[in-house]
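My numbering applies: residue 20 is where the sequence shown begins, and numbers increase by one. Even glycine gets a Cβ: it sits at the ideal position worked out from N, Cα and C. Below: the structure, in structure tokens.
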Amino acid sequence: MSHIASVDKSGAVALADAVVAQAAEKPQLPKAGASEGTQSPQALGTYGFSGAYRYLFSADPKGERVTFLDCRRQLDQSWRSVATSVAMAAAGYGVASLIIVLASKQLVRPLVEAQRKQRRFITDASHELRTPLSIILANADLLELEGEGDPESIGDIKSQVRRMESLTDDLVALARLEEAHAQAKTGSVDLSAVVQEAIAPYEAVAAQQSKELIVEVAPGLVGSGSAPEMGSLVGILLDNAFKYSPEAASVQVGLAASKDGKSAELRVSNATCEPLDPAQLPALFDRFYRTGESRASETGGHGIGLAMAKALVGAAGGTIVATAPERSTFVIEVSLPLHKNVSCRREGDRRRKRRGVPNGSS
Numbered sequence: 020m021s022h023i024a025s026v027d028k029s030g031a032v033a034l035a036d037a038v039v040a041q042a043a044e045k046p047q048l049p050k051a052g053a054s055e056g057t058q059s060p061q062a063l064g065t066y067g068f069s070g071a072y073r074y075l076f077s078a079d080p081k082g083e084r085v086t087f088l089d090c091r092r093q094l095d096q097s098w099r100s101v102a103t104s105v106a107m108a109a110a111g112y113g114v115a116s117l118i119i120v121l122a123s124k125q126l127v128r129p130l131v132e133a134q135r136k137q138r139r140f141i142t143d144a145s146h147e148l149r150t151p152l153s154i155i156l157a158n159a160d161l162l163e164l165e166g167e168g169d170p171e172s173i174g175d176i177k178s179q180v181r182r183m184e185s186l187t188d189d190l191v192a193l194a195r196l197e198e199a200h201a202q203a204k205t206g207s208v209d210l211s212a213v214v215q216e217a218i219a220p221y222e223a224v225a226a227q228q229s230k231e232l233i234v235e236v237a238p239g240l241v242g243s244g245s246a247p248e249m250g251s252l253v254g255i256l257l258d259n260a261f262k263y264s265p266e267a268a269s270v271q272v273g274l275a276a277s278k279d280g281k282s283a284e285l286r287v288s289n290a291t292c293e294p295l296d297p298a299q300l301p302a303l304f305d306r307f308y309r310t311g312e313s314r315a316s317e318t319g320g321h322g323i324g325l326a327m328a329k330a331l332v333g334a335a336g337g338t339i340v341a342t343a344p345e346r347s348t349f350v351i352e353v354s355l356p357l358h359k360n361v362s363c364r365r366e367g368d369r370r371r372k373r374r375g376v377p378n379g380s381s
């Protein structure tokens with residue numbers, strides 16, 4: 020007992036009446052050995068709380084007794100304990116969150132620094148390679164002019180040097196794109212105009228390779244990015260499509276607003292020379308990854324093109340995926356955010372079709 024409560028007669032009567040009424044509402048089970056006639060309205064042994072008082076019905080020679088215990092001190096202590104526990108838990112959560120935030124910065128910093136050094140190494144190594152490659156190419160040209168050496172061997176040397184120069188240029192470009200992606204600074208660009216302009220040179224490529232170029236571009240689509248980078252993106256995707264499609268195949272390019280009008284959907288598809296393995300598709304955007312088909316020496320390339328495309332799309336805040344609806348069809352789908360203040364029309368798309376012309380025909 021914490022302490023004895025003192026109340027006047029009227030207060031005690033009111034408190035007892037409240038307890039009797041409260042106890043009468045509770046269903047009681049008869050005690051063993053007691054008959055229904057001997058049970059009082061409030062079964063003996065009933066206990067509970069009435070406000071801050073704990074009560075107990077008990078037997079008394081003169082009738083029934085209701086005993087009260089003042090529990091205000093215990094209740095106050097319990098509530099204070101609960102409040103203290105909640106406050107300590109909240110403070111602990113805040114301190115733990117702060118520690119996690121500070122520690123995560125320290126943990127991530129080496130990774131960020133490693134990526135920065137990797138990009139710097141690629142850029143520096145590419146620049147260092149250019150000088151010896153230029154010297155080798157100059158010496159090969161000199162041997163060719165002087166008529167010394169095997170012309171076929173000299174031609175192979177020059178071809179491989181140019182291939183290495185192209186690789187170093189691509190590595191530098193990719194490192195710069197990844198740096199731009201990390202900074203994530205983009206402007207606005209007329210995607211429709213850029214795509215149309217980037218496609219134009221490939222009409223001659225289609226004619227030279229006897230392939231069909233099908234273009235469907237919606238007008239007036241303005242989104243995030245820069246014109247040079249978006250032009251490079253379209254060029255990379257078309258280079259890939261023409262390089263790895265069979266003779267007399269068709270290459271399709273489409274640009275349209277999404278159904279919700281929030282993004283522009285660029286789609287480039289082409290037939291393939293051999294069936295694609297769907298499990299390989301996500302890896303196509305990794306550096307230097309090439310399928311068995313693309314590893315053939317006659318295709319050229321270094322396996323960097325789609326990695327550059329991914330970096331370009333990421334810098335513009337978009338997404339890029341590769342799909343194969345049919346195993347003999349390869350599709351690249353790019354989603355770029357559109358500006359909210361631009362009304363994107365899906366109707367009235369501008370359509371063009373270019374069919375390749377065999378070599379030597381006019």
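Query	Result
Would you say L355 and G280 are within 8 angstroms of each other, going by their C-beta atoms?	no
If you run the structure through DSSP and keep just helix, strand and coil, what is Q47?	Because Q47 carries a pLDDT of 46, less than 50, the predicted location of this residue cannot be relied on, and no value is offered for it.
On a Cα-Cα basis, can you pick out the residue from I339, S211 and A223 that is closest to E235?	S211
Label M107 either buried or exposed according to how many other C-beta atoms from any shown protein chain fall within 10 Å of its C-beta, with 16 as the threshold for buried.	exposed
Please classify L285: is it buried, with 16 or more other beta-carbons within 10 angstroms of its beta-carbon, or exposed?	buried
Going by other Cβ atoms of all chains shown within 10 Å of its Cβ, with 16 needed for buried, is P60 buried or exposed?	Low local confidence applies: a pLDDT of 42 at P60 is under 50, so the model's placement there is unreliable, and no value is given.
Taking D426 as part of the alpha helix (DSSP H), name the residues at either end of that continuous run.	The structure shown has nothing for residue 426, since the chain only spans 20 to 381.
Taking just the CA atoms, how far does V105 sit from R92?	20 angstroms
Kindly indicate the opening and closing residues of the beta strand (DSSP E) around G244.	V241 to G244
Taking 8 angstroms as the threshold (C-beta atoms), are L300 and L325 in contact?	no
Out of curiosity, what's the CA-to-CA distance linking T291 and A335?	29 angstroms
If you draw a straight line from the C-alpha of L186 to the C-alpha of A276, how long is it?	35 angstroms
By Cβ distance below 6 angstroms, which residues in the same chain neighbour M176 in space, the five residues on each side in sequence not counted?	Position check: residue 176 holds Ile in this sequence, whereas Met was assumed. These residues qualify, in order along the chain: A159.
Measuring alpha carbon to alpha carbon, tell me which of E222, L130, L240 and S178 ends up nearest L257.	E222
Got a sec? Which residues, its chain only, sit under 8 angstroms from V213 by beta carbon, not counting five neighbours each side?	A246, M249, G250 and V253
For the beta strand (DSSP E) that contains A237, what are its first and last residues?	Where A237 is concerned, there is no enclosing beta strand (DSSP E), given that its DSSP letter is neither H nor E.
Between which two residues does the beta strand (DSSP E) holding Q228 run?	Where Q228 is concerned, there is no enclosing beta strand (DSSP E), given that its DSSP letter is neither H nor E.
Measuring straight from C-alpha to C-alpha, what distance separates H146 and I255?	23 angstroms
Would you mind sorting G113 into buried or exposed? The rule is 16 or more other CB atoms within 10 Å of its CB.	exposed
Who are the Cβ neighbours of D209 in its own chain at under 7 angstroms, not counting the five residues just before and after it?	V241
Drop a sphere of 10 angstroms on the beta-carbon of G337, count the other beta-carbons inside from all chains shown, and report buried for 16 or more, exposed for fewer.	buried
Going by beta-carbon coordinates alone, are S264 and V270 separated by less than 8 angstroms?	yes
Any idea what DSSP makes of T342, helix, strand or coil?	strand
Is the distance from the Cβ of V332 to the Cβ of A343 below 8 angstroms?	no
Looking at the structure shown, is I351 part of a helix, part of a strand, or coil, going by DSSP?	strand
Do you know whose CA, among A330, S207 and A341, lies nearest N289's CA?	A341
With A276 as the anchor, note down where its alpha helix (DSSP H) starts and where it stops.	Where A276 is concerned, there is no enclosing alpha helix (DSSP H), although the beta strand (DSSP E) it sits in stretches over S269 to A276.
Give me, in chain order, the residues of the same chain whose beta-carbon lies closer than 7 angstroms to that of S5; leave out the 5 immediate sequence neighbours on both sides.	Since the first residue shown for the chain is 20 and the last is 381, residue 5 is missing from the structure and cannot be characterised.
Per DSSP, what are the beta-bridge partners of A290 in this structure?	T348
Given a cut-off of 8 angstroms on the beta-carbon distance, is the pair A330 and L196 in contact?	yes
For L117, which residues of its own chain have a beta-carbon under 7 angstroms away from its beta-carbon, when the five flanking residues on both sides are left out?	none
Short check: CB of A237 to CB of L274, under 8 angstroms?	yes
Go ahead and pull the three-state DSSP assignment for P220.	coil
Can you tell me the Cα-Cα spacing of S153 and G168, whole angstroms?	19 angstroms
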